[in-house]
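A.B. asks: Those sequence lines, one after another, are chains A and B. First residue of the first sequence? That's 1 in the numbering used here, and the numbers climb one at a time after it. First residue of the second sequence? That's 1 in the numbering used here, and the numbers climb one at a time after it. Cβ coordinates follow ideal geometry from the N, Cα and C atoms, glycine included.
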Amino acid sequence: MTYLSKALIIAAALGLAACTNGDRFGGEAGAGYGAGAGANGGIVPGSANDPASPAYFSQTVGDRVFFAVDQSTLSPEARATLDAQAQWLMTNNDFLAVIEGHADEQGTREYNIALGARRANATMEYLISKGVAANRLRFVSYGKERPVEICSEEACYAKNRRAVTVISMGLGS
Amino acid sequence: MKHILALCLAVVTALALAAPAQAQNGPLRIEITEGTIEPMAYAVPDFVAETPGASEYAQQIARVVADDLTGTGLFREIPREAHISRITSFQSPVQFADWKAINALVLLTGAVSEEGGRVTLKFRVWDVFAGTELGQGMQFAATSDGWRRLAHKVADQVYSRLTGETGYFDSRVVFVSESGPKDERAKRLAIMDYDGANVQYLTDSRAIVLAPRFSPNGDRVLYTSYETGEPRVHVLNVGSVQSQILQSGGGVMSFAPRFSPDGSRVVYSVTSGSNTDIYMRDIASGATQQLTFTPAIETAPSFSPDGSRIVFESDRSGTQQLYVMPSGGGEATRISFGQGRYGTPVWSPRGDLIAFTKQNQGRFHIGVMRTDGSEERLLTASRLDEGPTWAPNGRVIMFSRETQGAQGTSSLYTVDVAGRKLTRVRTPDGASDPSWGPLQ
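1) Put F169/B into one of helix, strand or coil per three-state DSSP.
2) Along chain A, which residues have their Cβ under 9 Å away from the Cβ of T344/B?
3) R406/B: which of E105/A, A114/A, L137/A sits nearest, CA to CA?
4) Among all the DSSP beta bridges, which residues are the ones paired with D416/B?
5) May I have the straight-line CA-CA distance separating R420/B from P79/B, to the nearest angstrom?
6) Roughly how many angstroms separate the alpha carbons of A39/A and D94/A, rounded to a whole number?
7) Tell me where the beta strand (DSSP E) around H102/A begins and ends.
8) Establish whether the CB of V140/A and some CB of chain B are separated by less than 7 Å.
9) What does a CB cutoff of less than 8 Å around A68/A pick up in its chain, not counting 5 residues either side in sequence?
10) What's the gap between the Cα of D83/A and the Cα of I43/A?
11) Anything in chain B within Cβ reach of N121/A, meaning under 7 Å, just list it in chain order.
12) Exposed or buried, which one is Y226/B when buried takes at least 16 other CB atoms within 10 Å?
13) State buried or exposed for M282/B, treating a residue as buried only when at least 16 other CB atoms are found within 10 Å of its CB.
14) Under 7 Å, Cβ to Cβ, is there at least one residue of chain B near S152/A?
15) DSSP three-state call for I191/B: helix, strand or coil?
16) Looking only at DSSP bridge pairs, what is H83/B linked to?
17) Under a three-way DSSP split, which group does A39/A fall into?
18) So which residues on chain B does A158/A lean against when the C-beta distance must stay under 8 Å?
19) Listed from N- to C-terminal order along the chain, which residues in the segment 382-405 of chain B have their beta-carbon within a distance smaller than 8 Å of any beta-carbon of chain A?
20) With DSSP as the reference, identify every bridge partner of K122/B, one or two as the case may be.
21) When burial is assigned at 16 or more other CB atoms within 10 Å of the CB, is R460/B buried or exposed?
22) Check each candidate in N275/B, S260/B, S308/B, M280/B and name the one with the smallest Cα separation from G249/B.
23) Are the beta-carbon atoms of T165/A and I113/A separated by less than 7 Å?
24) Where does V425/B land, buried or exposed, given buried means 16+ other C-beta within 10 angstroms?
25) Is the beta carbon of I366/B closer than 7 Å to that of P388/B?
26) Let me know if Q91/B comes out buried or exposed under the rule of 16 or more other beta-carbons within 10 Å of its beta-carbon.
27) Might you give, ordered along the chain, the residues of its own chain that have their beta carbon closer than 7 Å to the beta carbon of R24/A, omitting 5 neighbours on each side?
28) List the residues of chain A whose Cβ lies closer than 8 Å to the Cβ of I297/B, in chain order.
29) Using only CA atoms, which one of V119/B, F169/B, A82/B lies nearest to I102/B?
30) Closer than 8 Å is the cut-off here; do at least three beta carbon pairs connect the segment 139-154 of chain B with the segment 179-187 of chain B?
31) Rounded C-beta distance between V233/B and R220/B? I'm assuming under 8 Å.
32) So, Y168/B versus N393/B, is the Cβ gap smaller than 7 Å?
33) Taking all protein chains shown into account, do 16 or more other C-beta atoms lie within 10 angstroms of the C-beta of G373/B, making it buried, or fewer, making it exposed?
34) Let me confirm a value: R258/B is counted as buried when at least 16 other C-beta atoms fall within 10 Å, else exposed. Which label applies?
35) Which same chain residues end up closer than 6 Å to R370/B when comparing Cβ atoms and leaving out the 5 residues on each side of it in sequence?
36) Leaving out five residues on either side along the sequence, give the residues of the same chain with a beta carbon under 6 Å from the beta carbon of P434/B.
Structure, rendered in structure tokens:
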């Protein structure tokens, strides 16, 4: 198998991988990364080891911060993660971000929507305070509607009380 | 969507002849408000089929009537196997001795005929020990697919004659139908009879939908949908199944809507930054007014039935608690002072009580309190109960209960205000966020 055909297979695989996340990144972003595959000395653009990729952002920088029960205060750990997020966002200016606020299931539905908004807003305000342009950021709360962990124990609840920074391509790119 | 039900109601005057004029020892009556009661024993033999096509309806209608009545916890059916008499003719005199012998206090007799797709039902209610009729015989008719409504109409009549209060059986509930695992749950708006029958879907599951709320006359439903990406209040016309966004003013996220008692206004929450406040919008004019102004979370507003006040939840004290304010906004009075957190208050249609969700020490409860916060009473306890809604007569509450763990699912339950009778409502899939509509 030639180097070129290998690269094409990788590119195709990347395109598919991006598509599984199509609601977040969109098909175009996936195609864009795939097209440049193999041209960058071992680092596959768009992959988790490409520092300019959303995959790198979510896996290496860390796309989420966690909160205490019924709180929206940012812990020192959360601030450290958000410092890195801010740095990444300011380095990669083509991207926009939506901060999704979430609550665990131990709360009433309406209150948890408002609580998730508090968490997302605290996260967004912190990123803005670190220099990220406000017009690149917006937030939405899902309350307790979209848990990532589904057990009914604190170990799961702790992972569900979160704000997730979801990266998307900017309109101008 | 709608049941095509040309419901005609006629007093069957010819049946009144037996009613003696002399006074009894007071009418047969069961008081709903007593803490513990002995359910009143009644018998419902199969109704008489008066036309060849009516026999199945005659049986099924009698069963639905019995389910309605027994489901209240106020009445106890004497099983048909114990019956001595059979009712083979609606006109023949009742053999009261046969019903006394099995200790039936109340006897319900009925007859059904079917002709050209229409079902006609007549019924009579008897005070067995007095040997007299309770109220007058009545007749209802409907298209054949509306036969369950005929049964609910009869049950409402019996309930009303025996309790002195309006019934709630001929009513519908709008709710969220749920399917799929917890982390990928699909939600659709659905509507059903109060007992879980005749489920119909109002939306598909493409967007998350939450907390539908019936309008006072049942013609519209407010709900929250993520269709645009953010939670937004929508209004759906039940007849046409068309919905549109309720322009909310203020922020992008709006949720927790509820109609005013006259259906002309909507109260709801709007989130702006970290702050969530309560707004009110006049539907016709679009005039929008902000009602709360603290930096706290203020949500779940619900009007008093006279429209003068609004109960809502706020964490302005540090935890979720219940407050009452004038419906035009203004100073709010805290009414919840027990242990734990209080949310989702709903004013009873009778005006006397406020139902709520309470969280305390890892447990959830549905409870009621007087409108000044006194006489708090918890009716349920589980790992996750929430979102009470009142039956149209203010005597029963429906709510969601979610079971524990990764396989946890949500179901609807009813409980009476005395906390005596907890019943699961059978739905085809998971179900949450019920809103009980008016008596039809």
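C.D. replies: In terms of the structure at hand:
1) Correct three-state label for F169/B: coil.
2) By Cβ distance, chain A contributes T108, R109, E110, Y111.
3) Just to set this straight, residue 406/B is Ala in the shown sequence, not Arg. Looking at E105/A, A114/A, L137/A, the one whose alpha-carbon comes closest to that of A406/B is E105/A.
4) The partner list for D416/B (beta bridge, DSSP) reads V396/B.
5) Just so you know, the alpha carbons of R420/B and P79/B end up roughly 22 Å apart.
6) With a pLDDT of 49 at A39/A, under the threshold of 50, the modelled position of this residue cannot be trusted; read the value that follows with caution. Each residue's alpha carbon lies about 20 Å from the other.
7) Residue range 95-102 is occupied by the beta strand (DSSP E) that includes H102/A.
8) Chain B, which has a Cβ nearer than 7 Å to the Cβ of V140/A, makes this yes.
9) Within the same chain, A68/A has close Cβ partners S75, R161.
10) Cα to Cα, the separation comes out at about 25 Å.
11) Close to N121/A, with beta-carbon spacing below 7 Å, are these residues of chain B in chain order: G273, S274.
12) Under this definition Y226/B is a buried residue.
13) Per the sequence presented here, residue 282/B reads as Asp, with Met not at that position. The C-beta of D282/B has fewer than 16 other C-beta atoms within 10 Å across all chains shown, which makes the residue exposed.
14) Put simply, the CB of S152/A is near chain B, with a gap under 7 Å to one of its CB atoms.
15) If DSSP states are grouped into helix, strand and coil, I191/B belongs with the strands.
16) For H83/B, no pairing in a beta bridge is given by DSSP.
17) Only weak support is given to the placement of A39/A: the predicted model assigns it a pLDDT of 49, under 50, and the question is left unresolved by the model.
18) Listed along chain B is no residue with a C-beta nearer than 8 Å to that of A158/A; the closest approach is about 15 Å.
19) Answer set for the segment 382-405 of chain B: R383, L384, E386, G387, E402, Q404, G405.
20) DSSP, once it has assigned bridges, lists A111/B, Q139/B as partnering K122/B.
21) An answer regarding residue 460/B cannot be provided, because it is not within the stretch 1 to 440 covered by chain B.
22) Per the Cα distances, M280/B.
23) Their beta carbons are not under 7 Å apart, which means T165/A does not touch I113/A by this criterion.
24) Per the 10 Å Cβ criterion, buried.
25) Cβ distance < 7 Å, so P388/B and I366/B count as in contact.
26) Exposed, because fewer than 16 other Cβ atoms sit within 10 Å of the Cβ of Q91/B.
27) Per-residue confidence for R24/A stands at a pLDDT of 39, beneath the threshold of 50, marking its modelled position as unreliable; no derived number is given.
28) The contacting residues are Y111, A114, L115, R118.
29) Among V119/B, F169/B, A82/B, the Cα nearest to that of I102/B is on A82/B.
30) Counting C-beta pairs closer than 8 Å gives fewer than three between the segment 139-154 of chain B and the segment 179-187 of chain B, which falls short of the contact rule.
31) The Cβ separation is near 12 Å, so there is no contact.
32) Contact flag set, yes.
33) By the neighbour-count rule (16 or more Cβ atoms within 10 Å), G373/B is buried.
34) With 16 or more other Cβ atoms from the protein chains shown falling within 10 Å of its own Cβ, R258/B counts as buried.
35) A distance below 6 Å between beta-carbons, with the five flanking residues on each side excluded, links R370/B to no residue of its chain.
36) Sequence-distant Cβ neighbours of P434/B in its own chain, meaning closer than 6 Å and more than five residues away, are V173, F175, T389, M398, L412.
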